[in-house]
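Residue numbers (my numbering): 16 to 372.
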Ligand SMILES: Cc1ncc(COP(=O)(O)O)c(C=O)c1O
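Structural data, given as structure tokens:
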């Protein structure tokens, strides 16, 4: 068996231990004689997995009692539409535009013809920073993208507002502790930090569940899923099983607080290599907005970027090409990327600079 270092932005690398465990249990889940993916979503066999995943998420992420954890489908992109459908009350919805994913969320508000306001945008500077964000306390909800996967920027602290704060945490969920006093609704596609694609994790404060209007279809209401413990219809059972394994893995690493320390160490290894390169490598994000999850940079001579990516591939490091809208290089170093993988990348960066700098 050969496992290489996968720096893809999502779906992304998963811990080998998790994949191995899934492999071992694939044909005969805990002596049941069937695979967990063959189990009825109404069976005890599956129910235990489902509930364990929810309780581990609550435990590890220190989620207060008055929140629900939901497993939905449709990706984070469906949440761009569900958030306004479920939270808008006829006043104003406020958005911070910090990149392509916030822009897409804003577009969904526009489609629903609600009164929305973009309070701040970092578009003019190529989305290279998290600007100062000030939401009004009276908004129906306020919306941020906590980590901008494409541009490599990340909030160091969530904005303070009395309006319910909606956080798209698709690319940094479970990577640092959360101050839940500041968050009303968080959502994330699982495929970066939490498991495989096909499951969207939603964490919602109970008081928001009753806002939804009668015209919203059953399946698009958070309330439907909250009332039925995400079992109103068939949930993506195998994905949820893998999320459960991921949570056990996270717990074995010391939980969110410990993984955050490792994430800081990994990110600083690469940022130090950028900052110490005498301008050979150029970071995209402003220093105070740098993401711990997606490190984006260019090489001074842009023609060398493709060469760098090719050399990385030859050294068993894939997925380093920047998103098509920004180009350059992007190293996605989510929870499951090992320190060893990052060290390997930094070695190549230093060696490459010696040869071409
Ligand atoms: C921050 C962020 N939001 C939303 C999405 C869209 O997620 P999905 O493909 O699950 O709809 C992504 C995907 O990369 C993302 O990085």
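Note that CB positions come from ideal geometry on N, CA and C, so glycine has one too.
- Message: If you follow the beta strand (DSSP E) that residue 82 is in, where does it begin and where does it stop?
- Response: 82 to 87
- Presumed contact (8 Å Cβ cut-off) between residue 281 and residue 364, rounded CB distance: Their Cβ separation, rounded to whole angstroms, is 14 Å, which puts residue 281 and residue 364 out of contact at 8 Å.
- Query: DSSP on residue 103, reduced to helix/strand/coil?
  - Reply: coil
- Task: Compute the minimum distance between the beta carbon of residue 136 and the heavy atoms of ligand 1, and state whether it is under 8 Å.
- Result: no
- Item | Rounded distance between the beta-carbons of residue 208 and residue 349, thought under 8 Å | 5 Å
- Query: Whole-angstrom Cβ separation of residue 217 and residue 202, contact assumed at under 8 Å?
  - Reply: 5 Å
- Rounded C-alpha distance that separates residue 171 from residue 65: 32 Å
- Message: How far does the beta strand (DSSP E) with residue 312 in it extend, from its first residue to its last?
- Response: 309 to 314
- Query: Is any heavy atom in ligand 1 found nearer than 8 Å to the beta carbon of residue 93?
  - Reply: yes
- Message: Going by DSSP, what residue range makes up the alpha helix (DSSP H) through residue 237?
- Response: 237 to 242
- Since residue 108 is in the beta strand (DSSP E), which residue starts that stretch and which ends it? 108 to 112
- Cα-Cα separation between residue 81 and residue 245, rounded to whole angstroms: 16 Å
- Message: Which residue wins for smallest C-alpha separation from residue 154, given the options 129, 175, 106?
- Response: 106
- Query: Using a threshold of 8 Å, is the CB atom of residue 165 nearer than that to any non-hydrogen atom of ligand 1?
  - Reply: yes
- Query: What did DSSP end up calling residue 247 once you bin it into helix, strand or coil?
  - Reply: coil
- Message: Given the structure, does residue 28 come close to ligand 1, in the sense that its CB is under 8 Å from one of the ligand's heavy atoms?
- Response: no
- Give a yes or no on whether the C-beta atoms belonging to residue 311 and residue 341 are separated by under 9 Å. yes
- Message: Report the start-end ranges of each alpha helix (DSSP H) in the stretch 193 to 231 that is 4 residues or longer and not cut off at the edges.
- Response: none
- Query: Rounded to the nearest angstrom, how far is the Cβ of residue 210 from that of residue 265, given a contact under 8 Å?
  - Reply: Contact flag wrong, Cβ pair sits at about 11 Å.
- Message: What does the Cβ neighbour count give for residue 176, buried or exposed, with the cut at 16 atoms within 10 Å?
- Response: buried
- Message: Considering only heavy atoms of ligand 1, does any lie closer than 8 Å to the CB of residue 215?
- Response: yes
- Query: For residue 336, is the classification buried or exposed, using 16 other Cβ atoms within 10 angstroms of its Cβ as the cut-off for buried?
  - Reply: buried
- Note down the Cα distance separating residue 56 from residue 235, rounded to an integer number of angstroms. 20 Å
- Using 10 angstroms around the beta-carbon of residue 15, count the other beta-carbons present and answer buried if the total reaches 16, otherwise exposed. Because the chain is modelled from 16 through 372, residue 15 falls outside the range shown and cannot be assessed.
- Item | Span of the alpha helix (DSSP H) around residue 372 | Unbroken run through residue 372: none, as it is neither H nor E.
- Does any CB atom of chain D fall closer than 9 Å to the CB of residue 227? Looking at the structure shown, chain D is missing, and only one protein chain is on hand.
- Message: Using 9 Å as the threshold, is the C-beta distance between residue 51 and residue 249 below it?
- Response: no
- So what's residue 43 in DSSP terms, helix, strand or just coil? coil
- Candidates 77, 39, 320, of which the one nearest residue 198 by Cα: 77
- Message: What would DSSP say about residue 17, mapped onto helix, strand or coil?
- Response: coil
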